[in-house]
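Numbering (the UniProt record's numbering), first residue to last: 1 to 234. Structure record follows, encoded as structure tokens.
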Amino acid sequence: MDEDGVDFEQLYQGNLGVGPHMPWDIGAPQPLVVELEDAGEIGQDVLDVGCGLGDNAIFLASRGHRVTGVDGAPTAIRQARERAVAQGVEVEFAVAEATRLDGFENRFDTVVDSALYHCLNEPARNDYLAALVRATKPGARLHLFCFSDELPDSFPSPFLFSEAGLRETIGKSWTITRLRPAVYASATTAADLLATNETGALSQPIDPEALAGLGVDERGNLQLPVWQLTAVRP
């Protein structure tokens, strides 16, 4: 269960009424992760934290990186392992609490956070950033994507972030080298999200007019504004 009350284990089991699939399950790595790997910005020992169903971790392992994927939801980890086996790729997947990362001290030179950070409240974020420092080596790079405050207030995310807020929090323990607006690929349409208004799965109804301003891909899936942050551990 995350720090804001969303039970991701129940979500992955399909018990929270959000639809037939996870909104972030695009069945492939995030394009931003592919771009980073193509640019040579991923090190040899990678932690994919909040890995979900494992597509980013599997992709990076297929490119020759040693990858550990962790998530707090056992169902997600089970499915991630199944996907890795199906694709013939070796990834170490484990159920772990992101705000502690016990047993992973001083292991990684790269961390990928693809949409975990915006699920954590302020105390959990502080614990999480401290855990990342413990889990990484000096000079490690953090690649983080989190929802931007350009999203409408009614969008179903625990938290949205401004550039200044990210610089203030992450900049305390990491040296930020890049922070720019980017786009996060989703597996959900505006109609999918609006359907949750009828199920009562969300605590706050989604405003249809607010979704109208978001970009979509060729299949109609929403393209969501995020911050792409890269930082180096001193």
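Yeah, the Cβ is synthetic: ideal placement off N, Cα and C, and Gly gets one too.
Could you tell me the alpha carbon to alpha carbon distance between residue i and residue j, rounded to whole angstroms?
i	j	result
Phe161	Asp149	5 Å
Val226	Pro23	15 Å
Val85	Ala76	14 Å
Thr188	Leu116	18 Å
Arg100	Leu129	9 Å
Leu222	His118	18 Å
Arg63	Glu198	42 Å
Leu60	Val49	13 Å
Leu120	Arg178	22 Å
Pro29	Leu36	11 Å
Val95	Leu132	16 Å
Ser154	Thr196	12 Å
Ala190	Pro138	42 Å
Val67	Leu53	14 Å
Ala80	Val89	11 Å
Phe147	Ser157	8 Å
Gln10	Phe159	20 Å
Thr230	Asp192	31 Å
Glu82	Ile58	11 Å
Glu105	Asp127	14 Å
Leu224	Val216	8 Å
Gln87	Leu47	19 Å
Val168	Pro205	A quick correction: the sequence has Glu, not Val, at residue 168. Each residue's Cα considered, the two are about 31 Å apart.
Ala182	Asp38	17 Å
Ala140	His65	15 Å
With the cut-off set at 9 Å, would you say residue i and residue j are in Cβ contact?
i	j	result
Asp55	Gly27	yes
Arg233	Ser173	yes
Ser114	Val34	no
Going by C-alpha to C-alpha distance, which of the options sits closest to residue i?
i	options	result
Thr136	Val112, Arg107, Asp127, His65	Arg107
Arg134	Leu120, Gly103, Ala80	Gly103
Pro152	Asp217, Gly72, Val34, Ala210	Ala210
Asp71	Val216, Val89, Cys51, Ala185	Cys51
Leu194	Ala182, Pro138, Asp207	Asp207
Ala164	Ser154, Val91, Arg180	Arg180
Ser186	Pro123, Leu142, Glu218, Arg141	Glu218
residue 252	Ala182, Leu142, Phe159	No statement about residue 252 is possible, as the shown extent of the chain runs from 1 to 234 and does not include it.
Leu166	Val183, Phe145, Asp38	Phe145
Gly109	Leu224, Gln204, Gly43, Phe8	It should be pointed out that residue 109 corresponds to Asp in this sequence rather than to Gly. For Asp109, the nearest C-alpha among the options comes from Gly43.
Pro74	Glu168, Phe8, Pro205	Phe8
Asp45	Glu92, Val183, Ala182, Glu122	Glu92
Three-state secondary structure (DSSP) at residue i?
i	result
Leu116	coil
Arg66	strand
Leu222	strand
Gly165	helix
Leu53	coil
residue 235	Since the first residue shown for the chain is 1 and the last is 234, residue 235 is missing from the structure and cannot be characterised.
Thr189	coil
Thr99	coil
Asp127	helix
For residue i, decide whether its Cβ has a neighbour in chain D, counting only Cβ atoms nearer than 9 Å.
i	result
Leu132	Protein chain content of the structure displayed is limited to a single chain, and chain D is not contained in it.
In the DSSP output, what is residue i paired with across the bridge?
i	result
Gln228	Phe145, Arg180
residue 236	Beyond the ends of the chain as shown, which are 1 and 234, falls residue 236; an answer cannot be given.
residue 248	Residue coverage of the chain in this structure runs from 1 to 234, which leaves residue 248 outside it and unanswerable.
Val216	Leu222
Thr75	Partner(s): none; Thr75 has no beta bridge.
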